[in-house]
Structure formats: structure tokens, C-alpha cells
Amino acid sequence: MEIIKNKTVEDKKANDENRGTQNEIIVDPLPTSYEELAKLQAGEYENIDLVSDEAKAKVKDIFSVLPDISKSPSKKELDYYFRELLKMVQKNYEGPENLINRLKFETFGNPNISDSRYQFKENLNVVFIIDASGSMAQKINGKEKMASAKDSILNFVNKLPKDAKVGIRVYGHKGTGSDADKALSCSSSELVYPISNYNEGEFQAALNKFSPSGWTPIGLALREAKNDLASFDGANNTNIVYLVSDGIDTCEDQPIEAAKDLYSSNISPIINVIGFDVDSEGQNQLKQIAAATDGIYDTVTNEGELQEQLEKLNDLTNQWQEWLEMGKQQYEYKKVSNSLDIFTYIAGEQIKSRTREYKYLYNFK
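Here you go:
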């Protein structure tokens, strides 16, 4: 409690100094639409608990940083107060762009979508990039977040069509979260299951190879994922990448730029991002990664919600398998049809040469 008090007193002092007199108050533009709200960062206290007695006791200290408006405040002061309060408690608004990308993903294969990356190809590859930093050892409902992530992905691949391929890359799984291990951990990213068809034993062995450990090099993992997919050209492959993280990049390795580079390559992947029990700062960065690549961003707070997101991916892979089987059936039908056309052609030419043409030549000799 003392820590909160000291922090809020200092923040309030700095806030008041920045605010100055009424005429010097600078009010950031107030949002007037959901679209504008979506462009603002989620607040540090967006999920603040206002129910328990303990939480209520802390609320006064947390919000004491806000200016005093108890004495006939002006409209400008009220606007300032509201804007500063919103910065602290604003929810994670989705925004129309994320909704549009979600709808595109849910109507995958629709010929009316001009972007070829949303069209089914003869090959489907799904790559998971998994956060194995130390924070993934935290527990939700008594279960480690890493264990929940592994179980959810295992549940997904068990339903994967036989013709689809899957790969897993992890990051931050070496070293510890200490400063002494930062260099080691920030250089750790590994393709533990190369992009290939699902093999139960090998896949389980891959999951057993890593556990939550160190820092969070998201940028490194995205750059390495580009190398993983280098031989899967987007012209013949539908490539889907899922980044799962419970926090921000802590290795200063430019994750947004790395995501853009992967997205704009000839791999032409769809890059979706899942924030797993992530705080507001983590949400804001992960949303930027998804937005920079026209992907979907979703926040999940437990294993059930994570599995719900992957069920949507299962639906897509099943649609691809149906599309592929239909294509194979059409191919076989066309093959038979072409064989009949060839036979008819040869028979017709033989009839011409051996009967009709011979008859004409014989009559004119």
C-alpha cells in the first residue's frame, strides 16, 4: 500500500506541474467514436477490481494521481480530468480494421476476396510461434499458462487434416529472467517441430523440449519464422502464422518491423496474434503487430478462451481439406473426361484414315 501511495503522490505532483494553471491546461482530443477509442491504448487499470473490499481500499490511492475537481471546475478542467481518467481505465476496443480482418478470415476461400493470401492453395501450413519466457510459468486457475498453451495446441493438431502441415517455433526458452542471462535469452528461438505433417510422438516430444524460462525476443522469433517458411512460397501455399504471447517484447529487437518484413515477403502469410492473459502494455504492442500485418488480434484470459480461438482455426483447416478433396475429385473426373476425349479423338482420326479417306482414294485411283 505504501508503494502505491508514494507512487501516486509523485505522479500527482508531476501531473499538477505539467497541468499548470487553467489557461495552460492541454487537453488531448476526446474520442468521439469507437474507431477513435480503438486507436488509443488500453489503460493500465482496464480490468481493475471494484468489487472486493481490498480493491475498493486501493482505488482511492490509485486514482489520487488525478487532479482535484471538487471546487467548481471549468469545462476544460473537467475534460482534462475525464481524458486522464480514460487513459487509466480504457478498455481494449477492437476497431473496424480488426473486425474486417476477422470477417475475411472467417470467410476464407471466398473468391470475392481479392487478396490471394486468403485463397485456398494446394498446400496448407500452420506455424505457431510460442512465448516461452518466464512469465508463462504463471498460473491461471491453478494451471501454468505454458501447460495451457501446450494442451490447447495439442488439441488443435489432433484435429488437423492429414494433408495439412504444422510447425512450432518457441522463443525465450533459454537462460532466466535475470539481467545476466538477457543476452542468452534474447538470442534464443528454436524451431522445435519443423513444418511437416503431424506425427503424434514427434510432436509430443517437441512440446516436451521447452518450458518457460527467460526474456521475450518476439522480433527474433518472427525473423526466424521467415526462414522457416522460405521454401513455402505463397503462390502454392496457404501460410498461417499464430503468435501467442503473454507480454511485450523485452529484447528491443523491433518486433513490428520483423512482422512487416515477414508479411510482405513472397511467403505471403496471414499473421494472427493472441495475447494470453496479457496486461494493457502487452496488448498495445501485440495489437500493433497484428495491425501492421492486417492480421487479427485477440486477447484470451484462460485456456478455454484460447481453445475457442483455435477451434476457429480448426474450422478453417477442415474447410481447406474439403476444398482439397473436391479439387481432387474434380481432377479425377477431368482426367477421365480427358482420357475419353483423347480416345474419341484417336478413334475418330483412325476412322477417317482407314475407312472414309481410304474409300475416297480407292474410288479415285
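Those letters in the sequence shown? Residues 1 to 365, per my numbering, in order. Beta carbons are placed, not taken as given, at the ideal position from N, Cα and C, and that holds for glycine.
Residue range of the beta strand (DSSP E) that includes residue i
i, result
"G275", "I270 to F276"
"N227", "Note, N227: premise wrong, no beta strand (DSSP E); alpha helix (DSSP H) at I218 to D228."
"K165", "K165 to Y171"
"D298", "Y297 to V300"
"L243", "N237 to S245"
Short Cβ contact (7 Å threshold) for residue i with residue j
i, j, result
"L243", "V278", "no"
"N125", "N237", "yes"
"V192", "I218", "no"
"P161", "T301", "no"
"T293", "A259", "yes"
"S245", "W215", "no"
"F105", "I289", "no"
"V27", "D79", "yes"
"S152", "Q307", "yes"
"G172", "A132", "yes"
"M409", "Y45", "Residue 409 lies beyond the residue range present for the chain, which begins at 1 and ends at 365; the question has no answer from this structure."
"S280", "A55", "no"
"K165", "I195", "yes"
"D253", "L220", "yes"
"S135", "G247", "yes"
"S265", "R117", "no"
"D249", "P255", "yes"
"L30", "Y93", "no"
"L66", "E84", "yes"
"V170", "F210", "yes"
"K159", "L207", "no"
"F128", "L310", "no"
"A147", "P212", "no"
"W323", "F63", "no"
For residue i, the residue or residues it bridges with in DSSP
i, result
"G214", "S133"
"Y193", "I168"
"E144", "K139"
Residue i: first and last residue of the uninterrupted alpha helix (DSSP H) it sits in
i, result
"S280", "S280 to A292"
"Y45", "No alpha helix (DSSP H) contains Y45, which DSSP labels as neither H nor E."
"D261", "P255 to Y263"
"K182", "K182 to C186"
"F232", "F232 -> no alpha helix (DSSP H), and no H or E assigned at all."
"Y34", "Y34 to A38"
"Q41", "No alpha helix (DSSP H) holds Q41; DSSP gives it neither H nor E."
"E24", "Counting along the chain, E24 falls outside any alpha helix (DSSP H), and DSSP gives it neither H nor E."
"G177", "From DSSP, G177 is part of no alpha helix (DSSP H); its letter is neither H nor E."
"S202", "In the sequence as presented, Ser is not what sits at residue 202; that position holds Glu. Looking at the DSSP string, the run of the alpha helix (DSSP H) that includes E202 is E200 to L207."
Assigned exposure category for residue i - 16 Cβ within 10 Å defines buried
i, result
"N141", "exposed"
"D228", "buried"
"Q283", "buried"
"E303", "buried"
"S114", "exposed"
"D49", "exposed"
"Q330", "Only weak support is given to the placement of Q330: the predicted model assigns it a pLDDT of 44, under 50, and the value that follows is read from those uncertain coordinates. Its Cβ having fewer than 16 others within 10 Å, Q330 is exposed."
"K60", "exposed"
"V51", "exposed"
"L103", "exposed"
"S189", "buried"
"S74", "exposed"
"M326", "exposed"
"T32", "exposed"
"A372", "Nothing can be reported for residue 372: it is not among the residues displayed for the chain, which extend from 1 to 365."
"N239", "buried"
"G175", "buried"
"I270", "buried"
"G201", "exposed"
Inset, instruction - Could you tell me which uninterrupted alpha helix (DSSP H) segments, each at least 4 residues in length, are contained entirely in the segment 62-142, listed from first to last along the chain? - result: For the segment 62-142, whole alpha helix (DSSP H) runs of length 4 or above, ordered along the chain, are 75-89 and 96-106.
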